[in-house]
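Data first, discussion second: the structure below is written as structure tokens.
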Amino acid sequence: MLSKPPGIEDIFPDRIGTRNRILEAAREQFRRYNFREIVIPVMEFTEVFVRGIGGETDIVTKEMFTFEDRGGRSLTLRPEGTAPVVRAYVENGEYNRLATCKLFYLGPMFRAERPQKGRLRQFNQFGAELFGSGDPYHDYEVIAMMDAIAKDAGINGYTLLVNSIGCSACRPDFVKALTAYYRGMKNLLCRDCAGRLEKNPLRLLDCKQESCQPLKKDSPKITSFLCPACKSHHDAVKKYLSGSAIAFTEDHLLVRGLDYYTRTTFEFVTAKLGGQNAFAAGGRYDNLVAEFGGKPTPAVGFAAGIERMELLVEGAVADEKGPDAYLVHTGGPALDRAVALCRELREAGFSADMDPADRGFKAQFKKADRENALLAIVIGEDELAAGTCTVKDLKSGDQEPVAAGGMLNYIKNKLGK
RNA sequence: GUGGCUGUAGUUCAAUGGUAGAGCCAUGGACUGUGGAUCCAUUCGUUGCGGGUUCGAAUCCCGUCAGCCACCCCA
């Protein structure tokens, strides 16, 4: 039997109710916040991600699905959405002339990681990017928007973490102090942290090793290194959040894995995702547009993992409703009538279904029940003789004969449509 | 990439090294034209795959593949 590749899943109808709840919540908030949809390609030239995400990051060095096209150019299945959106924004002369440009996207991402709970090789994200504003109000706006989406989707018990990682003016000082601090206790570090010290010192701060936890307590805090501009930006973001009653926790240990972030970083985290904890994350990236060859343009955005959010939605979301009507017939001329009526119902905008096979009434009613149909419409010998159909309300169990000519009106009435 | 656990019917799970089973689902019947409740019957298997040990392997051993979980990292 053929099977799907590891970490890639089929999503059957029983999951669609929950997903739609999440996606509808997202689309509705995007509408309220005046973000408009952009559809970006599922693959890009590899260079887009190397430049965008950072050549030394794990995503780029070991997690990308990369292959050559027939001309020998390197293509990569997108591992995230921000770099493609920035590329598209810079490349499009119309949209990058706007003072501010608010975009959202939706779709599958690909990372060649080992699958586990809340982590897939093909997973879906929605995300938003806001270009052209360095105002802390807009940091607040994207955070508030994601918060509203989570709440509307039915997710509770999460924490919003907020931090600032400074800018190119003040972060180097902090990194220097951090490196110096950890160098002093090099022999106490776990093996991973020893590597981080050389490769990406900021990540020392979110090591999960038990033995590394005490070391963090006295480590330098980014907040005390922020330059005046970054400090007032950070304070303003916090003030906006407090002013709108969005609960958050300032976490000076929060750093982000991708290279492009500046100033604000944030994460929506929960304890219910096993080894993973974030279901949405983002931040400000004021230098990325320029690095892509655009004119210097500040920007802020976030991305959210749809499958991770699915794991967090409380309570089962009811499946799609069943058909309005299920036709039950006795075959022969009754089947002909059923086929015709089924077609009329569909043309009139109702959902209707039937089984053409010659089965007993019991089996057909059982099927109607399993399909969660609202009405069963019986066409048998009695009905043929009388020129009627018997319509049974499957919720109440009541049934009555209806003249064949009056069916559409009767059902319209019955279902309130 | 590293590690741990698990692979038996469509699904959830049983079966001291000795005849592969049950619940649910599905299908049919009891009820010859009425679903959800009850009862009965029936279908579905080279026990993931390949080797080895043994008189005999679902069971023990080796390999391999897959899934889950964790590390790394990330949504």
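Residue numbering for the first sequence is 15 to 431, as defined by my numbering.
Note that the Cβ used here is the ideal one computed from N, Cα and C, for glycine as well.
This structure is a prediction, so every number in the text was calculated from the model and none was measured.
Locate the beta strand (DSSP E) running through Gly-315, then write down its first and last residues. Looking at the DSSP string, the run of the beta strand (DSSP E) that includes Gly-315 is 313-319.
Run through the DSSP bridge pairs and tell me what Glu-143 is partnered with. Glu-143 pairs with Leu-117, Gly-315.
Contact check, Ile-320 vs Ala-158 under 8 Å by CB: the rounded distance? Contact flag wrong, Cβ pair sits at about 20 Å.
Are the Cβ atoms of Gly-296 and Val-104 separated by less than 9 Å? Pairing Gly-296 with Val-104 gives a Cβ-Cβ distance that is not under 9 Å.
Where do the ends of the alpha helix (DSSP H) carrying Phe-379 lie? Start and end: 375-384.
Taking 9 Å as the threshold (C-beta atoms), are Ala-183 and Pro-234 in contact? Against a cut-off of 9 Å, the Cβ pair of Ala-183 and Pro-234 comes out as no contact.
Coil, strand or helix - Ser-17 by DSSP: The DSSP-derived three-state label of Ser-17 is coil.
Just grab the DSSP bridge partners of Gln-136 for me. For Gln-136, which the question treats as bridged, DSSP gives the partners Phe-124.
Is the beta carbon of Leu-89 less than 9 Å from the beta carbon of Met-123? At least 9 Å separates the beta-carbon of Leu-89 from that of Met-123.
Counting C-beta neighbours from all protein chains within 10 Å, is the total for Phe-81 16 or more, i.e. buried, or is it exposed? With fewer than 16 other Cβ atoms within 10 Å, it is exposed.
My understanding is that Val-303 touches Asp-153, with C-beta atoms under 8 Å, so please give their C-beta distance in whole angstroms. Taking 8 Å as the upper bound for CB-CB distance, Val-303 and Asp-153 are not in contact here, some 16 Å apart.
Relative to the C-alpha of Glu-328, which residue among Lys-165, Leu-422, Met-421 is closest? Nearest Cα to Glu-328 within the set Lys-165, Leu-422, Met-421: Lys-165.
CB-CB under 8 Å to Met-199, same chain, minus the five flanking residues each way: which ones, in chain order? Closer than 8 Å at Cβ, skipping near neighbours: Leu-229.
Can you give, in chain order, each stretch of the alpha helix (DSSP H) that sits fully within the stretch 328-372 and has at least 4 residues? The stretch 328-372 is shown to contain whole alpha helix (DSSP H) runs of 4 or more residues at 347-361, in chain order.
Close beta carbons around Lys-76, own chain, < 8 Å, minus the five adjacent residues each side: When the five nearest sequence neighbours on each side are left out, the beta carbons in the same chain lying within less than 8 Å of the beta carbon of Lys-76 are those of Ala-126, in order along the chain.
If you follow the beta strand (DSSP E) that Val-397 is part of, which residue opens it and which one closes it? Sequence inspection shows Glu at residue 397; the Val mentioned does not correspond to that position. That residue, Glu-397, is in no beta strand (DSSP E); its alpha helix (DSSP H) goes 395-400.
How would you label Lys-253, buried or exposed, when you count the other beta carbons within 10 angstroms and need 16 or more for buried? Counting every other CB atom within 10 Å of its CB across the protein chains shown gives Lys-253 a total below 16, marking it as exposed.
Return the bridge partner residues of Asp-407 from the DSSP annotation. Beta-bridge pairing links Asp-407 to Leu-389.
Can we say the stretch 108-116 touches the stretch 139-154, given the rule of at least three CB pairs closer than 8 Å? By the Cβ test, the stretch 108-116 is in contact with the stretch 139-154, since at least three Cβ pairs between them sit closer than 8 Å.
Find the nearest neighbour of Ala-142 within the set Tyr-47, Asn-34, Leu-218, Ala-366, judged by alpha-carbon distance. Closest by alpha carbon: Tyr-47.
Label Glu-155 either buried or exposed according to how many other C-beta atoms from any shown protein chain fall within 10 Å of its C-beta, with 16 as the threshold for buried. With 16 or more other Cβ atoms from the protein chains shown falling within 10 Å of its own Cβ, Glu-155 counts as buried.
Residues bridged to Ser-233 (per DSSP): Note: Ser-233 sits in no beta bridge, so no partner.
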